[in-house]
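Okay, so the sequence shown: first residue is 1220 according to this note's numbering, each after it adds one. All C-beta atoms, glycine included, are put in the ideal place defined by N, C-alpha and C. For reference, the structure discussed in these notes is given below.
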Amino acid sequence: MTIDPRPGSPNHVHKFKELWESPKRIRVLQARADGKSWNKIASDLGLPKSTCRTIWNSQKERKNRQQRGGVQAMMSAKEVRKVIREISKSWHGRRMTFEQVRAVLGVKASVRTIRRELRKLGYRRCIACPRPFINKAQAKKRRVSVMIWGMIGWNYKSPLVFLEKRPGCKGVDSTAYKEQVLEPIIFPLFEKAGLEYIFMEDGSKVHKGHARLARFEQDVPPGDRKVDMQARRCD
1220 MTIDPRPGSP NHVHKFKELW ESPKRIRVLQ ARADGKSWNK IASDLGLPKS TCRTIWNSQK
1280 ERKNRQQRGG VQAMMSAKEV RKVIREISKS WHGRRMTFEQ VRAVLGVKAS VRTIRRELRK
1340 LGYRRCIACP RPFINKAQAK KRRVSVMIWG MIGWNYKSPL VFLEKRPGCK GVDSTAYKEQ
1400 VLEPIIFPLF EKAGLEYIFM EDGSKVHKGH ARLARFEQDV PPGDRKVDMQ ARRCD
């Protein structure tokens, strides 16, 4: 007796991990193997004749059927890897736009396709978040700027004065300038040199405040003509 190797045959011995085929498919294959016509098979099983022919012609389990081709991808895996190598190898590559990537590498796919394929792999273009050049910790470690005052004259050189800002002020103002320079150094020098002494200042902001005008009021009556002339010469 010949043993039918088909899984649907009554004499078939089911092997370990062997897939059981669907009853309809098995019955079609078995009926055709028994010599029945297509019309007889179709009428007995209630299937279209074309379906019965397709089952017989395939002669394969559905698991092993070849997949359908479908729509061909616009970019191959090789092209995607080529793009990633180009944009990852340097800083200029990371700053390239998708239009530039397409032109430099000669990719035939559109810019939209390139963006979509790279996005699948986690590559995205975005505007960089603004970051300060230095952080708070670095700002504390940087050098501190100071304001130093000095004066030279005929056979005279003043001491250097390191000006300090007053509490609550952003910098050295005219009041601090008056208290640290004018009162301790300039006013006594005026009294010693007399009214013929000419005091000249540069264009620093602290020299233009209202507090500086007090230097013309040291022990001199208001409205004195000599003092007014000296003030005009100094300004």
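Helix, strand or coil: which one does DSSP assign to residue i?
i     : result
V1380 : strand
Y1375 : strand
I1303 : helix
I1180 : Since the first residue of the chain shown is 1220 and the last is 1454, residue 1180 is not available in this structure.
V1290 : coil
R1244 : helix
C1271 : helix
P1403 : helix
L1264 : helix
K1255 : coil
V1425 : helix
S1393 : helix
S1295 : coil
Should residue i go down as buried or exposed, given a rule of 16 or more other Cβ atoms within 10 Å for buried?
i     : result
I1353 : exposed
K1360 : exposed
V1302 : buried
K1271 : Residue 1271 is actually Cys in this sequence, not Lys. Buried.
I1346 : exposed
E1318 : exposed
I1367 : exposed
L1337 : buried
Starting from the C-beta of residue i, find all residues in its chain whose C-beta is less than 7 Å away, skip the five residues before and the five after it, and write them out in chain order.
i     : result
R1321 : V1330, I1333
G1390 : K1384
L1264 : K1243, R1246, V1247
G1442 : Any reading at G1442 must be qualified, since the residue scores a pLDDT of 44, below 50, and its modelled position is unreliable; no value is offered.
P1407 : none
G1460 : The chain is shown from 1220 up to 1454; residue 1460 falls before or after that span and cannot be answered.
Q1291 : none
I1260 : V1247, A1250, R1251, C1271
R1313 : I1306
For residue i, which residues of its own chain have a beta-carbon under 8 Å away from its beta-carbon, when the five flanking residues on both sides are left out?
i     : result
S1262 : none
H1426 : S1393, Y1396, E1420
S1309 : none
Y1342 : I1303, I1306
L1379 : I1367, W1368, G1369
T1316 : R1344
To the nearest whole angstrom, what separates the beta carbons of residue i and residue j, a pair I think is in contact under 8 Å?
i     : j     : result
A1500 : K1411 : Coverage of the chain is limited to positions 1220 through 1454, which leaves residue 1500 absent and any answer about it impossible.
V1365 : F1381 : 6 Å
A1328 : M1294 : 5 Å
V1326 : E1298 : 6 Å
W1275 : K1268 : Actually they are not in contact, since the Cβ atoms of W1275 and K1268 sit about 11 Å apart, beyond 8 Å.
Only counting the same chain, and skipping five residues up and downstream in sequence, which positions put a Cβ closer than 6 Å to that of residue i?
i     : result
D1421 : none
W1239 : Only weak support is given to the placement of W1239: the predicted model assigns it a pLDDT of 48, under 50, and the value that follows is read from those uncertain coordinates. For W1239, where only same-chain residues beyond five positions count, there are no Cβ hits under 6 Å.
How about residue i: is its C-beta nearer than 8 Å to some C-beta of chain D?
i     : result
M1315 : Although the question refers to chain D, the structure presented lacks it and comprises just one protein chain.
(request) Only counting runs of 4 or more residues, tell me where the alpha helix (DSSP H) segments fall wholly within the segment 1303-1370, in order along the chain. (result) 1310-1313, 1317-1324, 1330-1339, 1355-1360
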